[in-house]
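S.K.: Could you have a look at this structure, given as structure tokens, before my questions?
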Amino acid sequence: MKRGFLNNTKARAKISGGDSEAPKKKTESGSTSGPSYYKAKYGVVEHAGLPEGYKLADLDVKELDPHRDPRTLPENLFLVTSLPIPLEAPAAAGTDRATACMLQSTTKAQILSTPGFPRPVPRPPAVRHRIGPAPGMDLGAFSTARIQRGEVILSERALLIAPGHLFGDDDYPSSFSEAQIQQAILVQAEQYLKVAFDRMDPEDKTAYMALANSHLQDGSGPILGIMRTNGVGAGPLTRPGTPPMPYSAVCKEISRLNHSCCPNTTALFDMPSFSFRLFALRDIASGEELTYPYIDVTAPAAERQKALEPYGFRCTCPACRDPTSDARR
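One point on numbering: in the UniProt record's numbering, the residue at position 87 of the sequence shown is 87, and numbering is uninterrupted.
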């Protein structure tokens, strides 16, 4: 599974503590036919941060009844909520966490209408992995027992789920360059994500902020930078027949897995339990590092290395050490 937070889109969004409002996304021409996307900058960006003289608008925060049927809300609203149980009442020890979410109202309706939702997280009978130091990569995940192909290694609900595209105002000064607009979008996106982040309990906040951040110098705030670094694609969360809205999830453990172009795991999102399950793609020996792909591993080696640049490392897996393997992919 590829990482899930890659692109930006210019769009206006009002965020609220319970539910949030966001008019339909606009294209460059101002029509509502669809959004325009571009790749977010990474690395060291000159003049990172809010452009001089530009003032962020206050967020339009409005509390709504969390039990209100989302089908009665406008389709283009964004809701900041917790699924599948409220985070205001900390769960008892041993129960599944709820996920802090920033979702379209149509997405919440789709989730709530899923047969069986919310089921308990289907965890494997025994813990067979650990998080520990990985050579050259800070931390990683490792098996603690032999795992057979197709077996579930771990299951967990995400810490945070949010749109996989950045949202910002669409009313920038005409003098702004594209780089200045993008910096404003990054700062605004941090504002929006913080509303959802603030719903987490202290333990989950600590776990989130402990994850790697490879976007420290491009204008991304800490919450956004961690999501750009660790986000896993979640979905499909939109109902058939509606425009696709990609979502990105940050997990406490699955987001710890390091990349390989020859991965031994894959992660799948299960809507009824609102959780991710990590499966073994092949037999895994005890002590072996668990890996999955952040990018399209079928691309040529040079393209893969380019795609990995935002993460700040070069892959040294067997496929990357032997570029002649491109012909076999």
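Positions of the beta carbon are idealized from the N, C-alpha and C atoms, including for glycine.
Keep in mind that this is a model prediction, so the values were computed, not measured.
Under 8 Å, with one C-beta from each stretch per pair, do the region 275 to 290 and the region 315 to 323 reach the 3-pair mark?
M.R.: No, because fewer than three Cβ pairs between the region 275 to 290 and the region 315 to 323 fall closer than 8 Å, the two stretches do not touch.
S.K.: Does DSSP put Arg321 in a helix, a strand or coil?
M.R.: In the sequence shown, counting from the first residue as 1, residue 321 sits at position 321. In this structure, Arg321 counts as helix in the three-state DSSP scheme.
S.K.: Whole angstroms is fine: what's the gap from Thr27's alpha carbon to Asp58's?
M.R.: Here the question's residue 27 lines up with position 27 in the sequence shown. Here the question's residue 58 lines up with position 58 in the sequence shown. Residue confidence for Thr27 is low, a pLDDT of 27 falling below 50, so the modelled location carries little weight; the figure read from the coordinates is stated next. Looking at the two C-alpha atoms, the distance is approximately 23 Å.
S.K.: At 4 residues or longer, and completely inside the region 73 to 156: list those alpha helix (DSSP H) runs for me, N to C.
M.R.: Segments of the alpha helix (DSSP H) lying fully in the region 73 to 156: 105 to 112.
S.K.: From which residue to which residue does the alpha helix (DSSP H) around Pro222 run?
M.R.: The sequence position of residue 222 within the sequence shown is 222, counting from 1. Element bounds for Pro222: Pro222 to Asn230.
S.K.: Could you tell me the alpha carbon to alpha carbon distance between Ala134 and Ser260, rounded to whole angstroms?
M.R.: The residue labelled residue 134 in the question sits at position 134 within the sequence shown. The residue labelled residue 260 in the question sits at position 260 within the sequence shown. Those two C-alpha atoms are separated by around 13 Å.
S.K.: If you scan the region 268 to 317 from start to end, which runs of the alpha helix (DSSP H) of 4 or more residues do you find wholly inside it?
M.R.: If we require 4 residues or more, the alpha helix (DSSP H) runs fully inside the region 268 to 317 come out as 301 to 307.
S.K.: Which residue's Cα is closest to the Cα of Asp65: Leu56, Glu75, Gly219 and Val80?
M.R.: Here residue 65 is taken as the residue at index 65 of the sequence shown, counted from 1. Of the listed residues, the one whose Cα sits closest to Asp65 is Val80.
S.K.: Is the number of C-beta pairs between the region 113 to 132 and the region 172 to 186 that are closer than 8 Å three or more?
M.R.: The answer is no - the region 172 to 186 does not touch the region 113 to 132, with fewer than three Cβ pairs under 8 Å.
S.K.: What's the call for residue 336, buried or exposed, on a 16-neighbour Cβ count within 10 Å?
M.R.: There is simply no residue 336 to check, as the chain begins at 1 and stops at 329 in what is shown.
S.K.: Could you tell me which of Lys194, Pro244 and Leu73 sits nearest to Cys101, measuring between CA atoms?
M.R.: Translated into the one-based positions of the sequence shown, residue 101 becomes position 101. Nearest C-alpha to Cys101: Lys194.
S.K.: Tell me the residue span of the alpha helix (DSSP H) that contains Ala179.
M.R.: Here residue 179 refers to the residue found at position 179 when the sequence shown is read from its first residue. Run containing Ala179: Glu178 to Phe197, per the alpha helix (DSSP H) assignment.
S.K.: Quick one, which of Ala48, Gln110 and His47 has its alpha-carbon nearest Glu75's?
M.R.: Within the sequence shown, numbered from 1, the residue matching residue 75 stands at position 75. With distances taken between Cα atoms, Glu75 lies closest to Gln110.
S.K.: In whole angstroms, what separates the C-alpha of Leu160 from that of Gly221?
M.R.: For this step, residue 160 is matched to residue 160 along the sequence shown. For this step, residue 221 is matched to residue 221 along the sequence shown. Straight-line Cα distance between these residues: approximately 16 Å.
S.K.: Using only the alpha-carbon positions, how far apart do Lys108 and Pro122 sit?
M.R.: As a working note, residue 108 is residue 108 in the sequence shown. As a working note, residue 122 is residue 122 in the sequence shown. Rounded to whole angstroms, Lys108 to Pro122 spans 22 Å at the Cα level.
S.K.: Since I believe Glu156 is in contact with Ile254 (beta carbons under 8 Å), could you give me their beta-carbon distance rounded to a whole number of angstroms?
M.R.: Here the question's residue 254 lines up with position 254 in the sequence shown. Here the question's residue 156 lines up with position 156 in the sequence shown. Yes, Ile254 and Glu156 are in contact; Cβ-Cβ is about 6 Å, under 8 Å.
S.K.: If you check the beta carbons only, do Ser214 and Ala234 fall under 9 Å apart?
M.R.: In the sequence shown, counting from the first residue as 1, residue 214 sits at position 214. In the sequence shown, counting from the first residue as 1, residue 234 sits at position 234. No, these two residues do not count as a Cβ contact at 9 Å.
S.K.: For Arg149, which residues of its own chain have a beta-carbon under 6 Å away from its beta-carbon, when the five flanking residues on both sides are left out?
M.R.: Here residue 149 corresponds to residue number 149 of the sequence shown, with the count starting at 1. If we look at Arg149 and ignore the five residues flanking it on each side, its Cβ neighbours are Ala280, Arg282 and Asp283.
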